[in-house]
Amino acid sequence: NHTKRIPFEKRLELIPNKVGKRLVQIMLQKKTCLCVAADVTTCSQLLQLADHVGPFICLLKTHVDILTDFDKQSLVQLKALADKHNFLIFEVDRKFADIGNTVKQQFSGGVYNIVSWADIINCHTLPGPGIIDGLKEAAIEYHGKKKENEIYHGLLLLAEMSSEGNLITPDYTRHSVALAEHEKYKEFVIGFISMGKVSSNPTLLHMTPGVSIQNKGDNLGQQYLTPEHVICEKGTDVIIVGRGIYQSKDPAKSAKEYQDKSWEAYLKSLNN
Ligand code: 6AU
Numbered sequence: 195n196h197t198k199r200i201p202f203e204k205r206l207e208l209i210p211n212k213v214g215k216r217l218v219q220i221m222l223q224k225k226t227c228l229c230v231a232a233d234v235t236t237c238s239q240l241l242q243l244a245d246h247v248g249p250f251i252c253l254l255k256t257h258v259d260i261l262t263d264f265d266k267q268s269l270v271q272l273k274a275l276a277d278k279h280n281f282l283i284f285e286v287d288r289k290f291a292d293i294g295n296t297v298k299q300q301f302s303g304g305v306y307n308i309v310s311w312a313d314i315i316n317c318h319t320l321p322g323p324g325i326i327d328g329l330k331e332a333a334i335e336y337h338g339k340k341k342e343n344e345i346y347h348g349l350l351l352l353a354e355m356s357s358e359g360n361l362i363t364p365d366y367t368r369h370s371v372a373l374a375e376h377e378k379y380k381e382f383v384i385g386f387i388s389m390g391k392v393s394s395n396p397t398l399l400h401m402t403p404g405v406s407i408q409n410k411g412d413n414l415g416q417q418y419l420t421p422e423h424v425i426c427e428k429g430t431d432v433i434i435v436g437r438g439i440y441q442s443k444d445p446a447k448s449a450k451e452y453q454d455k456s457w458e459a460y461l462k463s464l465n466n
């Protein structure tokens, strides 16, 4: 059964990447499968949201490119909030999609210096394996370590997208899965952005955007499913929720609701 679920406690022992392990530990400690997409446009909104939803999440997804007043100090504060509330940071805006040599610089250089504050990043697989190699080199060089098992970042491959009419085919997804499952990347690639479970390898995590309790979609092609549907029916591990939380009147209350729904669905799916 493709959606047969292995408990997180078991998977924790198998995951080779430090960040992937840490994430699953947090999920188990806090009983949450929720990642909040903090798509707000100022640093103060970002920090405020992170502080409000922090207790309920395992991961905060940032879009650093859309901050109008980006400054490095705010990221230091964000890191402090991540420590305070025990969550990891996933920077997604550099949804890396270029050749290895370019993404290596985008990851470790520029104004954002993502390598210094993000735990998790993601990339498109369109350019081929070189994109993973480039990002991996940047991650290893940042820590000045050459041993692969000392990588302190985790990479997610975009195997599927939530937007209507996207050009990803089943074949493209299969190739992305094969890359993630490759022995060479097992210390660095921790899973996928996908609409559900695409690999039965228990060390790889699946994170799914396009999740909302209330809405069915937006007017720019986003399509939503409920937390229960993506966890129980599609077999995903982590739900990524943006507007359903940060646009609600009380983001902390909404985050708690999504947290509870995600964990209930996870427990239910263990008995499926
Ligand atoms: O809940 P929303 O629709 O407000 O936000 C969904 C979040 C946004 C998107 O940039 C992101 O999820 N997203 C992504 C990823 C991983 O960034 C991929 C995708 O296929 N669909 C999607 O919505 O921050």
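Per UniProt numbering, the very first residue in the sequence shown carries number 195; after that it's consecutive. Each residue gets a CB set at the ideal place from its N, CA and C atoms; glycine is no exception.
Would you identify the three-state DSSP class for GLY415, choosing helix, strand or coil?
-> Three-state result, GLY415: coil.
Exercise for review: Compare the Cα-Cα distances from HIS257 to each of VAL230, SER310, HIS369 and ASP245 and report the closest residue.
Suggested key: Out of VAL230, SER310, HIS369 and ASP245, VAL230 has the C-alpha closest to the C-alpha of HIS257.
Does at least one heavy atom of ligand 1 sit under 7 Å from the Cβ of SER370? For SER370, the shortest C-beta to heavy atom distance toward ligand 1 is 7 Å or greater.
Point to revise | Beta bridge counterpart(s) of residue 489 as assigned by DSSP | key: The question about residue 489 has no answer, for the chain in this structure spans 195 to 466.
| How long is the line joining the alpha carbons of ILE325 and THR319, rounded to whole angstroms? | So the two alpha carbons sit approximately 7 Å from each other.
Does DSSP put GLY404 in a helix, in a strand, or in coil?
Coil, per DSSP.
* Best match in VAL309, ASP245, ALA291 and GLN271 for proximity to HIS279 [C-alpha to C-alpha] -> Of the listed residues, the one whose Cα sits closest to HIS279 is ASP245.
Local conformation of HIS246 per DSSP, three classes | Three-state result, HIS246: helix.
Q) Mind checking LEU461: buried by the 16 CB within 10 Å criterion, or exposed? A) Answer is exposed; the Cβ neighbour count stays below 16.
LEU399 and VAL432: beta carbons closer than 8 Å? Yes. Within cutoff.
**Limits of the alpha helix (DSSP H) - the one that ASN295 falls within** = First-last of the alpha helix (DSSP H) with ASN295: 294 to 302.
Exercise. Taking 7 Å as the cut-off, does the CB of ILE384 come closer than this to any heavy atom belonging to ligand 2?
Worked result: This structure does not include ligand 2; its bound ligands are ligand 1.
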